[in-house]
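First comes the structure, then the notes that go with it.
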Amino acid sequence: MLKLNGITKTFNPGTVNEKKALDGVSLHLAPGDFVTVVGSNGAGKSTLFHAIAGVFFPDRGSIVLDGEDITFKPEYRRSRELGRLFQDPMKGTAPHMTIEENLALAYLRTAKHQHAYFSRTGKSDRTFFRDQLARLDMGLEDRMGQPVGLLSGGQRQALTLLMSTMVPPKILLLDEHTAALDPGTAEKVLKITREVVAEHKITTMMVTHNMHQALELGSRTLMMDSGRIVLDVQGEERKNMTVNDLLERFKARVGEDLDNDRILLS
Amino acid sequence: MLLSVVTLRTALEMGAIYSLVALALFISFSILNIADLSTDGCYTLGFAVGATVTLAGHPFLALPAAMLAGVLSGFVTAFLQTKLGVESILAGIIVNTGLYTVNLAVMGWSSNLSIFGTDTLLSLTKGLSGNEFWTGWSTLIVLSAILAVVAVLTALFFRTRLGLSIRATGDNADMVRASSINPAFTITVGLCVANSLTGLAGCLTGLVNKSCDINLGTGMVTVALASLIIGETMFGRFSIGLRIVGVIAGSCIYRIIIAVALAANVPTECFKLVSALIVAVAIAMPQGRKLIAIQRQKLARRKEGAKC
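Going line by line, the protein sequences match chains U and Y.
Per this note's numbering, the very first residue in the first sequence carries number 11; after that it's consecutive.
Per this note's numbering, the very first residue in the second sequence carries number 17; after that it's consecutive.
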């Protein structure tokens, strides 16, 4: 589904602030893969996501999504096939627009409506939105006329998740999307994530600082350090792995302990 | 009585026209979150183009022509900021400066233009009937009708896919980039629509005044902003439809305040100061309300304290 071939990106080249954020990252994701990504501070996890999403173009290497070379495709055009959730729940929704309008915006981006600039949401669309909202089990289906700014962070994040998967994307990028939520809400959003991803078999990448979660969720785990993928475990090997094993493997590979001040080991 | 019917009617006529400019600022300033300072020049451009086309013998074509001129002006402003990376405020100022020369050129390199005695949209509709009521009120009726059409279309537009995208662009730039909307495109469309309304307003002012000069638009942005803020303060920021009604009401209230000031014999020289004061008061209103609420709370607490 997604192929990264030797992606390299250096920020501020030729200055004292020069930083090689991605150093020849190659990765091949099969359709339906659910990959968790862990790594030390500044390892390049978010940068990797930005490269895939097209926030910047890589210096070297190519990105192929579902057979199409998207290396130089502008960010907004990739977004049609790519869902993204950020750590900050405020980033994914427009606060002064109602829940319904936000959903409409996400829904109307589909191929069917792509050039129908003046299409509006009809009654059937509204029923569809209502059903989708009801699945979140947050009572949002009765608040469709309210501005999103009134919702809590968890509700906004759940709504964003719904918006980016209502029309299933080819790939879903979750950048610590539960890290800013309280534990109860985080659990709930994670549960919804799991259900939605499983239902549509969406190819997913998720950055997390929770090592336990990294091993428990999904089908494959990547560890990153200094802009490189240093560990890639899946299948049987991953099934029998404990958090300690993972940390040991990291140390053996990189030569030092995983240095991340936000890491959660349990 | 402080205001005669005629003064009130004139105030409402101006209010209807200024509503269009306020609506334009509503789109650029409130919805897109961009301070578009090309309003002054674009307003004059609308007049210059409208008057020239009217003088050429096309009274009906004047309106769409003025709107098209506005679209072009908006496009240039948008192009500067989306493609060439010019700061949005600066882009507006640059276009505004450039438009001065453009406007002079459109007006045949003269700083005045009179369309007195030429058939215009307004004079033609006025001539439809000799009825005294009609000759007095036709201008206001035509202007209100145009405003109503524009307002309804604007309200409908902001519920379409494109309209929603434009609103999202001003509301959450991060979200827009991640959700397949091209902000350069939505900003361009938004500014084109906004400036077409400004151009239309300029054209209509010309038709009402029948003569104008190159400095017609000076200070327009302040006046429209005042109307917009009066409207948003009074009607709140709820649904798009209500906000549009608020903007229109704000413009009419602003013109009525000005008319009252005129009727109270405030000298014309002091006019700009009156405008500035109204703007300042309108902007300060929400903050003032908060202060009053806090003072009340304090007072209530003090009374409670006295009881204990």
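We put the beta carbon where it would ideally sit given N, CA and C, even for glycine.
Nothing here was measured: the structure is a model prediction, and the numbers come from that model.
Quick one: list the residues of chain U neighbouring residue i, beta-carbon separation under 7 Å, in chain order.
i	result
Ala-184 (chain Y)	Ala-104, Met-107, Leu-115
Met-191 (chain Y)	Lys-101, Gly-102, Thr-103, Ala-104
Asn-49 (chain Y)	Correct list: empty, because the minimum Cβ distance to chain U is about 10 Å.
With a cut-off of 8 Å on the beta carbons, I'd call residue i and residue j a contact; round off their distance for me.
i	j	result
Met-107 (chain U)	Arg-183 (chain Y)	6 Å
Leu-53 (chain Y)	Gly-186 (chain Y)	Contact doesn't hold; Cβ gap of about 17 Å is too wide.
Leu-172 (chain U)	Gln-142 (chain U)	6 Å
Leu-77 (chain Y)	Val-69 (chain Y)	5 Å
Leu-115 (chain Y)	Gly-57 (chain Y)	3 Å
Leu-244 (chain Y)	Ser-46 (chain Y)	7 Å
Leu-223 (chain Y)	Ala-40 (chain Y)	About 18 Å; that fails the 8 Å criterion.
Phe-67 (chain U)	Asp-185 (chain U)	So it is not a contact: roughly 19 Å between Cβ atoms.
Phe-44 (chain U)	Gly-228 (chain U)	3 Å
Ala-168 (chain U)	Val-206 (chain U)	At roughly 10 Å, the Cβ-Cβ gap does not stay under 8 Å, so Ala-168 (chain U) and Val-206 (chain U) are not in contact.
Arg-248 (chain U)	Leu-225 (chain U)	7 Å
Gly-179 (chain Y)	Met-83 (chain Y)	That belief does not hold up - the Cβ atoms of Gly-179 (chain Y) and Met-83 (chain Y) are roughly 18 Å apart, past 8 Å.
Phe-128 (chain U)	Arg-177 (chain Y)	7 Å
Tyr-59 (chain Y)	Leu-232 (chain Y)	7 Å
Leu-12 (chain U)	Val-35 (chain U)	No, Leu-12 (chain U) and Val-35 (chain U) are not in contact; Cβ-Cβ is about 12 Å, not under 8 Å.
Gly-64 (chain U)	Arg-88 (chain U)	5 Å
Trp-150 (chain Y)	Leu-144 (chain Y)	7 Å
Gly-237 (chain U)	Leu-32 (chain U)	5 Å
Ile-274 (chain Y)	Thr-170 (chain Y)	With 8 Å as the limit, Ile-274 (chain Y) and Thr-170 (chain Y) do not qualify as a contact, their Cβ atoms being about 25 Å apart.
Phe-42 (chain Y)	Thr-204 (chain Y)	Not a contact, Cβ separation roughly 18 Å.
Val-48 (chain U)	Thr-218 (chain U)	6 Å
Met-191 (chain Y)	Lys-101 (chain U)	6 Å
Met-154 (chain U)	Glu-110 (chain U)	4 Å
Report the neighbours of residue i on chain Y: residues whose CB is nearer than 8 Å to its CB, in chain order.
i	result
Leu-118 (chain U)	Arg-177, Leu-180
Ala-126 (chain U)	Arg-177
Ser-129 (chain U)	Thr-176, Arg-177
Arg-94 (chain U)	Ala-194
Under 7 Å between beta-carbons, which chain Y residues line up against residue i? List them in chain order, please.
i	result
Ser-89 (chain U)	Ala-194, Ser-195, Ser-196
Glu-85 (chain U)	Arg-193
Can you pull the chain U residues whose beta carbon is under 8 Å from the beta carbon of residue i, in chain order?
i	result
Arg-253 (chain Y)	His-106
Asp-187 (chain Y)	Ala-104, Pro-105, His-106, Met-107
DSSP puts residue i in a beta bridge; with which residues?
i	result
Asp-331 (chain Y)	Chain Y is shown only over 17 to 324; residue 331 (chain Y) falls outside these bounds and no answer can be derived.
Thr-18 (chain U)	U:Arg-70
Val-35 (chain U)	U:Ile-17
Pro-75 (chain Y)	None; Pro-75 (chain Y) has no bridge partner.
Pro-157 (chain U)	U:Thr-108
Leu-274 (chain U)	U:Asn-220
Leu-12 (chain U)	U:Leu-39, U:Leu-75
Lys-29 (chain U)	U:Phe-21
So which residues of chain U does residue i contact, with C-beta pairs closer than 9 Å?
i	result
Asp-52 (chain Y)	None at all; the shortest Cβ gap to chain U is about 19 Å.
Asn-281 (chain Y)	Within chain U, no residue comes near Asn-281 (chain Y); the closest Cβ sits about 43 Å away, beyond 9 Å.
Asn-211 (chain Y)	What Asn-211 (chain Y) touches in chain U: nothing, since even the nearest Cβ is about 19 Å away.
Taking C-beta pairs closer than 9 Å, name the residues in chain Y that residue i reaches, listed in chain order.
i	result
Glu-111 (chain U)	Arg-175, Leu-180, Arg-183, Ala-184
Kindly say whether residue i, judged by its beta-carbon, lies nearer than 9 Å to any beta-carbon of chain A.
i	result
Met-173 (chain U)	Absent here is chain A; the protein component of the structure consists of chains U and Y.
Inside the stretch 44-113 of chain U only - beta strand (DSSP E) runs reaching at least 3 residues
44-49, 70-75, 92-95
Any chance you could list the alpha helix (DSSP H) runs of at least 4 consecutive residues sitting entirely within the stretch 167-248 of chain U, in chain order?
193-210, 221-226
Counting only runs of 4+ residues fully inside the stretch 256-312 of chain Y, write out the alpha helix (DSSP H) ranges in chain order.
256-279
Check whether the stretch 188-207 of chain Y and the stretch 97-104 of chain Y touch, using three or more Cβ-Cβ pairs below 8 Å as the test.
yes
Assess contact between the stretch 179-198 of chain U and the stretch 208-228 of chain U, defined as three or more Cβ pairs (one per stretch) separated by less than 8 Å. Is contact present?
yes
Do the stretch 256-266 of chain U and the stretch 72-90 of chain U meet, that is, are 3 or more Cβ pairs less than 8 Å apart?
no
Meets three-Cβ-pair contact criterion under 8 Å: the stretch 311-321 of chain Y and the stretch 56-69 of chain Y:
no
Does the pairing of the stretch 117-127 of chain Y with the stretch 236-254 of chain Y give three or more beta-carbon distances under 8 Å?
no
When the Cβ atoms of the stretch 21-36 of chain Y are set against those of the stretch 152-168 of chain Y, are three or more pairs found closer than 8 Å?
yes
Please list the segments of the beta strand (DSSP E) lying wholly inside the stretch 76-141 of chain Y, counting only runs of 3 or more residues, in order along the chain.
128-130
Three-pair Cβ contact test at 8 Å for the stretch 92-107 of chain U versus the stretch 140-156 of chain U
no
Mind listing, in chain order, the continuous alpha helix (DSSP H) runs of no fewer than 4 residues lying wholly within the stretch 146-193 of chain Y?
148-173, 177-187
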